[in-house]
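A.B. asks: Residue numbers (my numbering): 176 to 497. If you scroll down you'll find the structure; I have some questions about it.
Below, the structure written as structure tokens:
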């Protein structure tokens, strides 16, 4: 994908993440299968797709929370896929994650202050950092009062818990933040507040987001560019405006047809996909989408399409546009 290297924050080349099945008969689960992408400094790169398509696995693999089966990952020009020990730990200061369920990722036996102290303890920064001042600064950044520092997670609302999760992710001034379904567990009204907060923090701190969601409306609200995933593969990448104006892959077309439109003139007929999503341990030959695609031809069933640029900044993996 064409881009100036100095503008690229994260680059993935042919990244794969396979899991062994629980039984021999289950085979190997190809959760992420040969994904290449580039994320630019300061952008929000959205990733969307059905549940089980590999979005979260990809995000965790890109920052080495999961070990890649193969492939290369570069963070700010540095190859990180082979880092070990202290170097890997140091890399995690630059790449953090906000998890989906704030209740599950906050230690219920620790106060908010103790939770926010953890990153500085893990990275042995307490002696060289005014941690007390930094924690108060983090609380201010995420819109919470200092009295919340003495609270335990069960004493907070869902939105407040997620704000603590955001503050913890930002504690060490990372360059890249993986937002793994960061608002999907929240009420709709709270979702909007947290999305606005994430946008404000991005602009104020110069952050770069890898934003994972199954909610198309949320992805379109926050993303500069969007990647569409299906069964471990990226099938289309484009800018938000490009994808809204013209989507090339039949799967993207079906996904976007499901977005409710307020304006009657903009409404389009809903595309209902036939059949079930194939198992990632036994993906179909050729194009992964061929078993459900209304436009599939014989070539689609035999030959896997490559992700290639069909117009400036717009990439698609589909034989229809060869």
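Just so you know, even glycine gets a beta-carbon here, dropped at the ideal spot from N, CA and C. Note that the structure is predicted; figures quoted are calculated from it, not measured.
1. Cβ of residue 287 within 7 Å of any heavy atom in the ligand GDP?
2. Please state if the CB of residue 406 and the CB of residue 280 are separated by a distance shorter than 8 Å.
3. Bridge partners of residue 221, per DSSP?
4. Taking the C-alpha atoms as reference points, what is the distance between residue 479 and residue 297?
5. If you draw a straight line from the alpha carbon of residue 461 to that of residue 264, how long is it in whole angstroms?
6. What's the gap between the Cα of residue 354 and the Cα of residue 184?
7. Leaving out five residues before and five after residue 261 in sequence, what residues of the same chain have Cβ atoms less than 8 Å from its Cβ?
8. If I follow the unbroken alpha helix (DSSP H) through residue 340, where does it start and stop?
9. Which first and last residues belong to the beta strand (DSSP E) in which residue 195 is found?
10. With three or more C-beta pairs closer than 8 Å as the rule, is the region 286 to 296 touching the region 365 to 374?
11. Specify whether the region 303 to 323 and the region 250 to 257 touch according to this definition: at least 3 beta carbon pairs, one from each stretch, less than 8 Å apart.
12. Thinking just about the alpha-carbon of each residue, which of 363, 311, 359 is nearest to the one in residue 339?
13. Taking only three categories from DSSP, how would you classify residue 327?
14. For the alpha helix (DSSP H) containing residue 474, list its first residue and its last residue.
15. For the alpha helix (DSSP H) that residue 461 lies in, which residues bound it at each end?
C.D. replies: In short:
1. Looking at this structure, you won't find the ligand GDP or any other ligand, since it has none at all.
2. Contact: no.
3. 386, 401
4. 44 Å
5. 39 Å
6. 16 Å
7. none
8. 333 to 345
9. 183 to 195
10. no
11. Below 8 Å, too few C-beta pairs join the region 303 to 323 and the region 250 to 257 to call them touching: fewer than three.
12. Closest by alpha carbon: 311.
13. coil
14. 473 to 477
15. Run containing residue 461: none; DSSP gives neither H nor E here.
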